Structures are given as structure tokens and as C-alpha cells.
């Protein structure tokens, strides 16, 4: 935790270096001022921010495969994080997350949890193309999921604390 009393002393503050002391708080993702005093909401946002930074440093892809097609100007990469969690990334494109399921019903429960809890912008379901087909017949493609939610799904899949990704979301 930060031992600062003002935004300007906090490690989550990014100073615009203008004459008014304006800046950006990475923890709350809001404008801030150099002289603002730290509040309880700052402490809470900073804790979540530090947990997210820690998760990002721990959760790394196990494999990275270039899946670009001939003639594409951008390169696309498949990143496999765990047996059931992966993502397609490309520079200047939104990351698209994929989660694998053994049954159609499990995939539909996951989609319902994602949309009801507003954890994403959009989902689609299809037969599995990217995961081990003997274990996972279905995959769900997810747009607009936060990295924090995705990393929590990966962490729990790696630790096998939950039997399905849907249970992670239903408990959130």
C-alpha cells in the first residue's frame, strides 16, 4: 500500500505536469489533482489496482502461436494461458478471450453469467477449434472482458479451485 497523503505522492498517480496540478489516477481510472488528499475510496481503489498488477505479473501465457494469415498487415497471436483459457491478441486491436467447455450446457451457463453480470460486451459460442477437442467440444468467444476477470478465470483454472469458469462468475 502507498504511504502517501496526496495524489501527487501516490504511485498510481500520473502527473500531466501542467500548471494546475492535473493528472490521472491509474487505480480509480479517473482524473485527479496533485494536491488531492487520499480518501477511503482511494485506499480501496489502490488495493484493487495493486492486486491487478500482481495478477498480471503472475498470469503469463504458456504458449504463444502466430496465427496470422498470409497477406495480413497485422500479426495475430493465440495465447494459451491454461487448458481452458486463451486469447487472440494483435497490436491496436481489442483482445478477444476464449474459454473452453466440455458441454453445450456449461457454455450456455457461462454466457448467461457473463451477460447477466455485465462482465463483457458480447459473446458467441461454437464448436471448439482452439482447445483440445477430446476434452472440450465447445468454446465461447468473449469481447470486452476485463483483464482482471480473465486473469481470475485463468488463476482458478490453473489451481482447479472451481470446476467451471461459470462458477467463478456466479460467485463474483
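Numbering (our numbering), first residue to last: 1437 to 1608.
Where a beta carbon is used, it is the ideal one built from N, C-alpha and C, also for glycine.
Because the structure is a prediction, the values reported are computed rather than measured.
**Asked** Is residue 1462 helix, strand or coil when you go by DSSP?
**Response** For the purposes of this step, residue 1462 is identified with residue 26 of the chain shown, where counting begins at 1. Looking at residue 1462 - three-state DSSP - the assignment turns out to be coil, as it is neither helix nor strand.
**Message:** Using DSSP's beta-bridge definition, name the partner residues of residue 1521.
**Reply:** Within the chain shown, residue 1521 is the residue found at index 85, counting from 1. The partner list for residue 1521 (beta bridge, DSSP) reads 1518 and 1535.
**Prompt:** If you follow the beta strand (DSSP E) that residue 1445 is part of, which residue opens it and which one closes it?
**Reply:** In the chain shown, residue 1445 corresponds to position 9, counting from 1. Residue 1445 -> no beta strand (DSSP E), and no H or E assigned at all.
**Request:** Count the CB pairs spanning the region 1528-1543 and the region 1578-1587 that are closer than 8 Å, and state whether there are at least three.
**Result:** yes
**Message:** Suppose you measure from the CA of residue 1473 to the CA of residue 1488; what does that come to, to the nearest Å?
**Reply:** For the purposes of this step, residue 1473 is taken as the residue at position 37 of the chain shown. For the purposes of this step, residue 1488 is taken as the residue at position 52 of the chain shown. Going from the Cα of residue 1473 to the Cα of residue 1488 covers about 23 Å.
**Prompt:** Exposed or buried, which one is residue 1579 when buried takes at least 16 other CB atoms within 10 Å?
**Reply:** The residue given as residue 1579 occupies position 143 in the chain shown. With fewer than 16 other Cβ atoms within 10 Å, it is exposed.
**Message:** In this structure, how does DSSP classify residue 1551 when only helix, strand and coil are distinguished?
**Reply:** To locate residue 1551, count along the chain shown from 1; it is residue 115. DSSP places residue 1551 in helix when its eight states are reduced to three.
**Asked** What residues match up with residue 1502 in a beta bridge as DSSP calls it?
**Response** To locate residue 1502, count along the chain shown from 1; it is residue 66. Paired residue(s): 1513.
**Request:** Have a look at 1559, 1560, 1545 and 1539 and flag the residue whose alpha-carbon is nearest the alpha-carbon of residue 1571.
**Result:** Translated into positions along the chain shown, residue 1571 becomes position 135. Comparing Cα positions, the closest option is 1539.
**Request:** Check residue 1588 in the structure and name its three-state DSSP category.
**Result:** Along the chain shown, one-based indexing puts residue 1588 at 152. Three-state DSSP puts residue 1588 in a helix.
**Message:** To the nearest angstrom, how far is the alpha carbon of residue 1523 from that of residue 1448?
**Reply:** Position 87 of the chain shown, counting from 1, holds the residue named residue 1523. Position 12 of the chain shown, counting from 1, holds the residue named residue 1448. Distance between the alpha carbons of residue 1523 and residue 1448: 27 Å.
**Item:** Local conformation of residue 1474 per DSSP, three classes
**Value:** Taking the first residue of the chain shown as 1, we reach residue 1474 at position 38. In the structure shown, residue 1474 sits in coil (DSSP, three-state: anything other than H, G, I, E or B).
**Message:** Buried or exposed for residue 1499, going by 16 or more other Cβ atoms inside 10 Å?
**Reply:** By one-based count along the chain shown, residue 1499 stands at place 63. Exposed, because fewer than 16 other Cβ atoms sit within 10 Å of the Cβ of residue 1499.
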